[in-house]
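Each step along the sequence shown adds one to the number in the working numbering, with nothing skipped, and position 120 is 534. All C-beta atoms, glycine included, are put in the ideal place defined by N, C-alpha and C.
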Amino acid sequence: MEKILQQIINSNKKYTLDGQVASYIPELRNANSEDLGICVIDMNNSMYSAGDCDKKFTIQSISKTIVLAMALMDNEWDYVFSKVGMEPSGDPFNSIMKLETNDTKKPCNPMINAGAIVTTSLIKGNTLQEKEDRMLAFFRKLAKNDTLQINESVYKSEKLTGDRNRAMGYLLKNDGYIEANVEETLDLYFKQCSIEVTVKDLARIGLLFSNYGIDIETGKRIISEEICRMVKTFMITCGMYDASGEFALKVGIPAKSGVGGGIMASVPRKIGIGVYGPALDKKGNSIGGLRVLKTLSKKLNLNIF
Ligand code: GLN
415 MEKILQQIIN SNKKYTLDGQ VASYIPELRN ANSEDLGICV IDMNNSMYSA GDCDKKFTIQ
475 SISKTIVLAM ALMDNEWDYV FSKVGMEPSG DPFNSIMKLE TNDTKKPCNP MINAGAIVTT
535 SLIKGNTLQE KEDRMLAFFR KLAKNDTLQI NESVYKSEKL TGDRNRAMGY LLKNDGYIEA
595 NVEETLDLYF KQCSIEVTVK DLARIGLLFS NYGIDIETGK RIISEEICRM VKTFMITCGM
655 YDASGEFALK VGIPAKSGVG GGIMASVPRK IGIGVYGPAL DKKGNSIGGL RVLKTLSKKL
715 NLNIF
């Protein structure tokens, strides 16, 4: 398996040259655009990796899957879906447009920024610190890695430059989709995006969703089956933003990308996958990562359809 992964990395490495690292968050410019790495964990808990598999990067939008799970655990589902929709937007991840043009002004889904800011606002806690502690503890539990940390420079960089997200936050508050304090919600959102992971962490979290919420090592339930199903459904319909349809057609695996260059993928009852390649395509998805997943899906016959 490791040989196959190494071959897949080698044959797709050239595509990283066609992309660019994200620059709208200044700190993300420091990534090495030619990095490419993968980790796979299967149902026997065997881990295989190749390429830049120990590099740390910020989780960015992949955090949206985890925070969605948390929002659904913290609140009544009907309440959550009264604040955020279930439909793909077909727009870029940071688009503000439908918050004005949709009849209801409700954010389309929890995988784009507008919807994710709403799910973040639904995390329970008496103080901002308590919410942050609960959030980080949940990420660590899912990744089975107590060393996960917020990358302070990325967090500060995002907070300083995140005015588009700030604009969405205030619109959402104005339209009744956020009830919590907007600045606190955004602060928490910037922090969740700035949590540092490796592809191994992503594969571990992906595997938990693959296994419908049961920790493969201990047999303990961490997330309910229904919530895992919802998260994976959003991954397949909205996880790659306005490239989700093409990805579903060509790769056919529930996956979620982030502008840090990570992609987490989850093949139901089979494997969890983490991929890293910070060079992005125009839609903000890892350009090498997409190729790696496409090749892997073909090679191991992972298409769920
Ligand atoms: N923190 C990023 C933002 O809000 C996350 C976007 C992404 O990964 N697509 O813009």
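Between the region 685 to 701 and the region 642 to 653, are three or more C-beta pairs nearer than 8 angstroms?
Counting Cβ pairs under 8 angstroms, fewer than three are found: no touch.
Could you tell me the distance, in whole angstroms, from the CA atom of Tyr655 to the CA atom of Asp560?
What you label residue 655 is simply residue 241 of the sequence shown in a count that begins at 1. What you label residue 560 is simply residue 146 of the sequence shown in a count that begins at 1. Distance between the alpha carbons of Tyr655 and Asp560: 30 angstroms.
Which residues does DSSP list as the beta-bridge partners of Phe507?
Position 93 of the sequence shown, counted from the first residue, corresponds to residue 507. Phe507 is not bridged to any residue.
Relative to the alpha-carbon of Ser509, which residue among Ile628, Asp695 and Asn523 has its alpha-carbon at the smallest distance?
Sequence index remark: in the sequence shown, residue 509 carries index 95 (1-based). Cα-wise, what sits closest to Ser509 is Asn523.
Is Gln543 buried or exposed, if buried means 16 or more other CB atoms sit within 10 Å of its CB?
Numbered from 1 along the sequence shown, position 129 holds the residue referred to as residue 543. The Cβ neighbour count for Gln543, taken over all protein chains shown within 10 Å, is under 16; the residue is labelled exposed.
Please report the distance separating the alpha-carbon of Asn516 from that of Ile526.
In the sequence shown, residue 516 corresponds to position 102, counting from 1. In the sequence shown, residue 526 corresponds to position 112, counting from 1. When only Cα atoms are considered, Asn516 and Ile526 end up about 15 angstroms apart.
What separation, rounded to the nearest whole angstrom, lies between the Cα atoms of Ala464 and Ala581?
For the purposes of this step, residue 464 is taken as residue 50 along the sequence shown, with counting starting at 1. For the purposes of this step, residue 581 is taken as residue 167 along the sequence shown, with counting starting at 1. Roughly 40 angstroms separates the two Cα atoms.
Around the ligand GLN, Cβ to any heavy atom closer than 6 angstroms, ordered along the chain
Taking each Cβ in turn, the ones that pass are Gln474, Ser475, Phe507, Asn508, Asn527, Glu572, Asn579, Cys607, Gly672, Val673 and Gly698.
Would you be able to state if there are at least three C-beta pairs under 8 angstroms between the region 447 to 458 and the region 590 to 608?
Flag = no, the region 590 to 608 and the region 447 to 458 do not touch.
List the whole-angstrom C-beta distance separating Gly672 from Ser475, where the pair is believed to meet the contact cut-off of C-beta under 8 angstroms.
The residue labelled residue 672 in the question sits at position 258 within the sequence shown. The residue labelled residue 475 in the question sits at position 61 within the sequence shown. Taking 8 angstroms as the upper bound for CB-CB distance, Gly672 and Ser475 are in contact here, some 4 angstroms apart.
Assuming contact is defined by CB atoms lying nearer than 8 angstroms, are Ala807 and Ala679 in contact in what I supplied?
Residue 807 falls outside the range modelled here, since the chain spans only 415 to 719, and no answer is possible.
Would Lys470 and Gly499 be called neighbours here (beta carbons separated by less than 8 angstroms)?
Start at 1 with the first residue of the sequence shown, and residue 470 comes out as number 56. Start at 1 with the first residue of the sequence shown, and residue 499 comes out as number 85. Cβ atoms of Lys470 and Gly499: not closer than 8 angstroms.
What's the call for Arg578, buried or exposed, on a 16-neighbour Cβ count within 10 Å?
Residue mapping note: residue 578 aligns to position 164 of the sequence shown, counting from 1. Exposed, since its Cβ has fewer than 16 Cβ neighbours within 10 Å.
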